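Take the sequence shown: its letters are residues 38 to 336, numbered as in our numbering. Yeah, the Cβ is synthetic: ideal placement off N, Cα and C, and Gly gets one too. Predicted model only: the values in this text are computed from it and were never measured. Here's the structure, in structure tokens; my notes come after.
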Amino acid sequence: MSKKAATKKTSKKAAKRSAPGWDISPADALRWTPEVDVRTMDCAGTPGFTGTRKDGEKLLAERAQELSDLQERLFAEGRSGGTRSVLLVLQGLDTAGKGGTVRHVVGLVDPQGVAIRGFGVPTAEEREHGYLWRVRNALPKPGYIGVFDRSHWEQVLVARVEGLEPEEEWSKHYDEMNAFEAEVAASGTVIVKVALFVSPDEQKARLAARLEREDKYWKYNPGDLKTRAKFPEYLDAYQDMLTKGSTDVAPWHVIPCDKKWFSHLAITELLTNALRSLDLGWPPADFDVEEQKKLVAAA
Ligand code: AMP
Ligand code: MG
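Right, dumping it as structure tokens:
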């Protein structure tokens, strides 16, 4: 190659690197580390991402194809005797965007391969069992992407802040849940834990917006104001959840959510990474392809 051509190639590479996008990998930029304090973080930030909203939306559209392809491979593997699955755990206060994440991120893949479970106030039946009972029952089957809209971690959030359990009870749950997740991971489930953070101002705007539109009333719950009044207490509980509940097999990721385009992109990247980590192929045919071709031709 001529010197000129080589320089051209290098500068093309450099241009690609400096194109608006992630300057660190999304997993590294978003994984919780002890320096992250959710009580003071900027919920309008875009950690690791240097592009604009337009760049982010473009990248998300590009990822959609890959994510969808990977999900189909996972599903195919599950149908062919595989045991692996992915679990996306979404935790966040009201209006942080858990529902929007399900629609805009999880919605990128074939719904047949997704199992979504929302966790609300435990029912009478659920209360008869330990708090992990309903969670175990909702774990994704082989080949599926499971999504938890809230999760077992409420047991150190709402249960703590609302005093549903004494401290001597809820304080034991961190270790219990870490052990539970280690067991789930060991059985072949890649766990992606995502904590969504909206600022108090943005939450106020989102709640107010729900009252301006007839089609959003169903999302509004007057009880959310009680939770909002305890914002600082919840952030303390979230900070402890991140500190005590981040493990090697199931680390927490922290997502600033005031910019929905960013939170959707960030979570799409994390989910795509999780699927990539499985190095998914296509299951080989368990029949003679050539023979079947002949039989189909003759049929
Ligand atoms: P939403 O996500 O808006 O449907 O609300 C679900 C509600 O259920 C929230 O207020 C949660 O705090 C509450 N919730 C979820 N898990 C638990 C739990 N383990 N104990 C008590 N309340 C819970
Ligand atoms: Mg709600």
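If you run the structure through DSSP and keep just helix, strand and coil, what is R262? Looking at the sequence shown, residue 262 is not Arg but Leu. Correct three-state label for L262: helix.
Burial state of D147 (16 or more Cβ within 10 Å): exposed
Cβ atoms of Q192 and H210: under 7 Å apart, would you say? Taking 7 Å as the Cβ cut-off, H210 and Q192 qualify as a contacting pair.
Measuring straight from C-alpha to C-alpha, what distance separates M38 and D60? Summary for M38: the model assigns pLDDT 45, below 50, so the residue's position carries little reliability, and this model does not support an answer.
Give me the Cα-Cα distance between D131 and D74, rounded to the nearest whole angstrom. 19 Å
I'd like the span of the beta strand (DSSP E) that includes Q149, first residue to last. No beta strand (DSSP E) holds Q149; DSSP gives it neither H nor E.
Excluding the 5 residues preceding and the 5 following S122 in the sequence, name in chain order all residues of the same chain whose CB lies nearer than 6 Å to its CB. P177, P179, Y181 and T226
Span of the alpha helix (DSSP H) around K230: Careful: K230 lies outside any alpha helix (DSSP H), inside the beta strand (DSSP E) at T226 to F234.
Here's a check: name, in chain order, each residue in its chain whose Cβ is nearer than 8 Å to the Cβ of N258, leaving out the five neighbours to either side. D131.
Can you tell me whether W289 is buried or exposed, with buried defined as 16 or more other CB within 10 angstroms of its CB? Classification for W289: buried.
Please report the Cβ distance between E218 and T284, rounded to the nearest whole angstrom; I am assuming they are in contact, meaning their Cβ atoms lie under 8 Å. 7 Å
Buried or exposed (CB count within 10 angstroms, at least 16 for buried), T160: exposed
Start and end of the beta strand (DSSP E) containing Q128? S122 to G129
Run through DSSP, which three-state label would V73 get? coil
From the DSSP output, in three-state form, read off I292 for me. Residue state for I292 is assigned as strand, using DSSP reduced to three classes.
In or out: T138 buried (at least 16 other Cβ within 10 Å) or exposed? buried
At 3 residues or longer, and completely inside the stretch 177 to 206: list those beta strand (DSSP E) runs for me, N to C. Taken in chain order, the unbroken stretches of beta strand (DSSP E) that lie wholly in the stretch 177 to 206 and span 3 residues or more are 182 to 186.
Under DSSP, the alpha helix (DSSP H) around L279 begins and ends at which residues? F268 to G282
Anyone know if the C-beta pair for G93 and L302 falls short of 7 Å? yes
Taking the C-alpha atoms as reference points, what is the distance between T70 and V184? 24 Å
Hey, would you say the C-beta of D131 is under 6 Å away from at least one heavy atom of the ligand MG? yes
Cβ-based neighbour list, K331, same chain, cut-off 6 Å, excluding 5 preceding and 5 following: So no residue of the chain qualifies.
Give the single residue among V142, L145, R164 and N174 whose Cα lies nearest to the Cα of R154. N174
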